[in-house]
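Q:
Protein chains: 2
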Amino acid sequence: MSKFVLAADIGGTNIRAAIIDGTGHIHEEKCISAHLSNKNTTEQSVILTLTDFFNIFIKKESQIAAVGIGFPGFFIGNSGVLASSPNLPKLKNFKLAQMLSDALNIPATAQNDALCAAVGELHFGVAKGQKNLLHITLGTGVGGGLILNHAPYTGESGMAMEFGHLRVCHGPSAHPCGCGGYGCVEAYASASAVASQYFDLSGIQLNSKDIYEKAIQGEHNAISTLKNAGHKLGMAISEAIKLLDIHTVTISGGLIGAWSLLHPAIMESLNSQLIPPMQGKIQVLPSTLNDQAGLLGAAALTRLA
Amino acid sequence: MSKFVLAADIGGTNIRAAIIDGTGHIHEEKCISAHLSNKNTTEQSVILTLTDFFNIFIKKESQIAAVGIGFPGFFIGNSGVLASSPNLPKLKNFKLAQMLSDALNIPATAQNDALCAAVGELHFGVAKGQKNLLHITLGTGVGGGLILNHAPYTGESGMAMEFGHLRVCHGPSAHPCGCGGYGCVEAYASASAVASQYFDLSGIQLNSKDIYEKAIQGEHNAISTLKNAGHKLGMAISEAIKLLDIHTVTISGGLIGAWSLLHPAIMESLNSQLIPPMQGKIQVLPSTLNDQAGLLGAAALTRLA
Chain A
3 MSKFVLAADI GGTNIRAAII DGTGHIHEEK CISAHLSNKN TTEQSVILTL
53 TDFFNIFIKK ESQIAAVGIG FPGFFIGNSG VLASSPNLPK LKNFKLAQML
103 SDALNIPATA QNDALCAAVG ELHFGVAKGQ KNLLHITLGT GVGGGLILNH
153 APYTGESGMA MEFGHLRVCH GPSAHPCGCG GYGCVEAYAS ASAVASQYFD
203 LSGIQLNSKD IYEKAIQGEH NAISTLKNAG HKLGMAISEA IKLLDIHTVT
253 ISGGLIGAWS LLHPAIMESL NSQLIPPMQG KIQVLPSTLN DQAGLLGAAA
303 LTRLA
Chain B
3 MSKFVLAADI GGTNIRAAII DGTGHIHEEK CISAHLSNKN TTEQSVILTL
53 TDFFNIFIKK ESQIAAVGIG FPGFFIGNSG VLASSPNLPK LKNFKLAQML
103 SDALNIPATA QNDALCAAVG ELHFGVAKGQ KNLLHITLGT GVGGGLILNH
153 APYTGESGMA MEFGHLRVCH GPSAHPCGCG GYGCVEAYAS ASAVASQYFD
203 LSGIQLNSKD IYEKAIQGEH NAISTLKNAG HKLGMAISEA IKLLDIHTVT
253 ISGGLIGAWS LLHPAIMESL NSQLIPPMQG KIQVLPSTLN DQAGLLGAAA
303 LTRLA
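Line by line, the protein sequences are chains A and B. Residues 3 to 307 (the numbering used here) are what the first sequence spells out, left to right. Residues 3 to 307 (the numbering used here) are what the second sequence spells out, left to right.
(1) Going by the CB atoms, is the gap between A/THR290 and A/GLY127 shorter than 8 Å?
(2) When you compare the CB of B/LEU52 with every CB in chain A, is at least one pair closer than 8 Å?
(3) Cβ closer than 7 Å: which chain B residues qualify as neighbours of A/HIS27?
(4) Between the segment 279-307 of chain A and chain B, which residues of the former have a C-beta closer than 9 Å to a C-beta of the latter?
(5) Using beta carbons (cut-off 8 Å, strictly below), is B/GLN113 in contact with chain A?
(6) Leaving out five residues on either side along the sequence, give the residues of the same chain with a beta carbon under 6 Å from the beta carbon of B/ALA189.
(7) Where B/LEU203 and A/ASN273 are concerned, what is the direct C-alpha to C-alpha distance, given to the nearest angstrom?
(8) Would A/LEU136 pass as a contact of A/ILE17 if the rule is Cβ separation under 8 Å?
(9) Would you give the residue range spanned by the beta strand (DSSP E) that A/THR250 belongs to?
(10) Which stretch, first to last residue, makes up the alpha helix (DSSP H) that contains A/THR139?
(11) Please state whether DSSP places A/MET3 in a helix, a strand or coil.
(12) Under 8 Å between beta-carbons, which chain A residues line up against B/PHE165? List them in chain order, please.
(13) Taking a contact to mean a Cβ-Cβ separation below 8 Å, would you say A/LEU298 touches A/GLY24 in this structure?
(14) Name the chain B residues that come within less than 9 Å of A/GLN275, Cβ to Cβ?
(15) Does any residue of chain B bring its CB to less than 8 Å from the CB of A/VAL7?
(16) Between the C-alpha atoms of B/ILE60 and A/LYS244, what's the straight-line distance to the nearest angstrom?
(17) For chain A, check one thing: does any of its Cβ atoms lie closer than 8 Å to the Cβ of B/ALA217?
(18) Is there a C-beta anywhere in chain A that falls below 8 Å from the one on B/SER86?
(19) How long is the line joining the alpha carbons of B/GLU270 and B/ASN292, rounded to whole angstroms?
(20) Return no unless some Cβ of chain A is closer than 8 Å to the Cβ of B/HIS222.
(21) Between the C-alpha atoms of B/GLY256 and A/SER81, what's the straight-line distance to the nearest angstrom?
(22) Along chain B, in chain order, which residues have C-beta atoms closer than 7 Å to that of A/HIS177?
(23) Hey, is the segment 143-160 of chain B in contact with the segment 220-230 of chain B, meaning 3+ C-beta pairs nearer than 8 Å?
(24) So, is B/LYS32 buried or exposed, given that buried needs 16 or more other C-beta atoms within 10 angstroms?
(25) How about A/VAL333 and A/LYS234: do their beta carbons lie closer than 8 Å?
(26) Measure from the C-beta of A/SER81 to each C-beta in chain B and report whether the shortest distance is under 8 Å.
(27) In angstroms, rounded to a whole number, what distance separates the CA positions of B/GLY232 and B/ILE268?
(28) Confirm, please, whether the CB-CB distance from A/ILE22 to A/ALA9 is below 8 Å.
(29) Rounding to the nearest angstrom, what Cα-Cα distance links A/GLY166 and B/LEU117 in this structure?
(30) Taking the Cβ atom as the reference point for each residue, do A/SER159 and B/LYS133 lie within a distance shorter than 8 Å?
(31) Looking only at C-alpha atoms, which of B/GLY14, B/ALA68 and B/ILE34 sits nearest to B/ALA300?
(32) Compute the distance between the beta-carbons of A/TYR200 and A/ILE213, then report whether it is under 8 Å.
(33) From A/MET3 to A/GLU63, what does the alpha carbon distance come to, in whole angstroms?
(34) Find the residues of chain B that neighbour A/ASN95, judging by a C-beta separation of less than 9 Å, and give them in chain order.
(35) Would you call the CB atoms of B/PHE73 and B/ILE12 closer than 8 Å?
(36) To which residues of the same chain is B/LYS229 closer than 6 Å at the C-beta, ignoring the five residues directly before and after it?
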């Protein structure tokens, strides 16, 4: 096998891609703005956008053995077929990997973006060497990827690890969530939820990055907001641990910039919820790869395919 | 391999054992009263009790190829080693399968009792032919067993599927649970929780069997109690499905006697909690094996070992 793969992480507004070698070293990385997250996006427009972008890399480096991509949506097992994608309603049973492979004449794999990030953490990040991993992504939403016995876990219809929609609050005070439900952890720990809680406390509109920076500087309302997000994350993690008995959890996303505040809140809440023999057994670690985890995982998946 | 195995299901006060053939047919079944659930129970007393009982079967049927047992507690993977058991504090890293095998001179396997029941449902019950299964046991406590890709799932320290301790209520009205926490599904759907809720509504002390019989006869307080138990079970099942994306759930235990009331309450609550693309995809089925599921699963595990 050639030593290089081309990996990409597809977001709603940006596509990041890189040439990556077998040790996880990133040799070239580019990011383009491409609006793929609207209700008119078709299979053809996705394939066209990706092949145009990927051909820039392929022209520079002829020794690309495989292409691996992380894409937001539900994939059927390891087939590379996208069953559906919440923000891209025209894509149904989209043979993404196959069509990309045909267009580029290079073997291709495709998998859920958060699951790719979990694979990246396992192969190249702080979870290296673990057998099982629960990886949580804090961003616009709260997502997750699960590794069981070294293998990405997708569930029966590619919808496993809807971690962001675990319920951490019941009753009339539960926050509404974008899924239509109430009290989901995403409604407390996503970037917009953090901004909204901070606004409720302070009357000031700030983005989540500004809030965690204010928290680090000691601002009271920012600290309260982040502690509450950490507390709710710990509750959701405890539910996953009770079912799965996994000992390693990693978290990526902007909020981990305030890890010194977030981590104690997570651990306190997590350990208070677990059954006694599990208390103190779980390590929750901040990602060291952050926004490269998805790229690295997509690269690793081409080698596992 | 001989066509017979000896299987046993070890409870706190009773031990059930049977000779079972490869088709799941039970040829002989006995139940003895044996108090193994106290804080002074030792490894030696467990082995002695079991070998005395098992020798009754072995004397009758010489063609027993293996012994398989289900035991309450946390097992390390498929090793047959009991890491610990909440009600039997003297048992730690107890090589149950190995010691039993040495004592009887027959290969032996041992696994968590609820997980054995899940294996029984998968091989011989309503979940036959499924690849993945979430099995819930409603009894003194609320337990569970998980099958992923045909294999029993134990977690990293044998503590997976603490289903009874998933939280379905937060805040000051949450019921206290035996684990020390609040709002666990066990605090709403176990036999004693059902009895306690019925008492709160009616002022009458009844056991859970009497309550489900009253519910079937149309008694208002009994119906409310069972609907609430079903509602809370649906909430806990939804959390497991969000993480695992499993499409088949089975439930065993006395309360399923009132399935016509319990099932609609479970399904309404479950579907209202799932993310939209998962709604309507999950089947929740009553066990047809009931208290034989554990025996049959323990038998099946000897053949998988």
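Cβ atoms here follow ideal geometry from the backbone N, Cα and C, with glycine treated the same way.
A: Let's see:
(1) yes
(2) no
(3) Those within 7 Å of A/HIS27 in chain B number zero; the least Cβ separation is about 31 Å.
(4) PRO279, MET280 and LYS283
(5) no
(6) HIS177, CYS179 and ALA195
(7) 34 Å
(8) no
(9) 250-255
(10) Not the alpha helix (DSSP H): A/THR139 falls in the beta strand (DSSP E), residues 135-140.
(11) Annotation note: pLDDT 48 at A/MET3 (below 50); position unreliable, no value reported.
(12) LYS244 and LEU245
(13) no
(14) HIS167, ARG169 and GLY183
(15) no
(16) 39 Å
(17) no
(18) yes
(19) 24 Å
(20) no
(21) 42 Å
(22) Simply none; closest approach about 12 Å.
(23) no
(24) exposed
(25) It is not possible to answer for residue 333 of chain A, since the shown part of chain A is limited to 3 through 307.
(26) no
(27) 5 Å
(28) yes
(29) 28 Å
(30) no
(31) B/ALA68
(32) yes
(33) Legend: pLDDT at A/MET3 = 48, less than 50; position of this residue unreliable, value from coordinates given subsequently. Roughly 15 Å between the two C-alpha positions.
(34) Neighbours of A/ASN95 on chain B: none; closest Cβ ~13 Å, over 9 Å.
(35) yes
(36) ALA267
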